[in-house]
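In my numbering, the protein residues as written are 34 to 188.
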């Protein structure tokens with residue numbers, strides 16, 4: 034998928050976060066700064082700010098009832114995945130999963146990581162990753178496994 038697609042996805046996630054946080058301007062400035070840094074290619078600094086923001090939200094007394102600060106691990110993992118650092122991305126996604134971030138978000142990211150493996154012709158690694166995370170979305174992940182298997186037969 035194109036970089037433009039990921040930018041649009043992340044922009045959508047950003048605005049979702051804005052709504053979840055309730056427009057607290059102090060938190061928004063951190064998120065805006067991280068997003069701007071990310072878009073300008075300063076990804077390591079963006080990761081630092083996302084991590085700082087995550088810690089601030091965890092320690093906040095104003096945490097909203099449905100707010101899960103570990104959602105930022107998804108954004109951090111996305112940066113790593115864009116950089117081709119699948120191992121680091123999977124670590125961030127695992128942390129998000131362990132802290133009960135929405136299953137569908139984590140499942141989607143696992144499929145994206147598997148596609149990175151697939152694009153590098155590491156089909157066995159892609160399939161193994163999907164099998165390890167099958168409980169997140171059995172139908173969607175099974176479909177992805179089948180697609181990769183068929184691809185290996187065609188090659």
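The beta carbon of each residue, even a glycine, is placed where N, CA and C say it ideally should be.
| query | result |
| --- | --- |
| Simplified DSSP state of residue 86, which is helix, strand or coil | helix |
| Collapsed DSSP secondary structure at residue 106 in the structure displayed | helix |
| CA-to-CA distance, residue 134 to residue 101, given in whole angstroms | 7 Å |
| Integer Cβ distance of residue 162 from residue 147, believed to fall under 8 Å | 5 Å |
| C-alpha gap between residue 182 and residue 149, whole angstroms | 15 Å |
| Three-way DSSP call (helix, strand, coil) for residue 75 in this model | coil |
| Burial state of residue 132 (16 or more Cβ within 10 Å) | exposed |
| Limits of the alpha helix (DSSP H) - the one that residue 184 falls within | 171-187 |
| Supposed close pair residue 159, residue 151 - CB separation, criterion 8 Å | 5 Å |
| Entirely enclosed alpha helix (DSSP H) segments - the stretch 138-172, minimum 4 residues | 156-165 |
| Nearest neighbour of residue 177, chosen from 77, 164, 187 and 186 [CA to CA] | 164 |
| Proximity of residue 7 and residue 172 at Cβ, strictly below 8 Å | Shown here, the chain extends from 34 to 188; a query on residue 7 therefore has no answer. |
| Through-space distance from residue 137 to residue 157, alpha-carbon basis | 23 Å |
| Proximity to residue 142 [Cα-Cα], best of 93, 99, 127 and 84 | 127 |
| With 16 other Cβ atoms within 10 Å as the buried cut-off, status of residue 179 | exposed |
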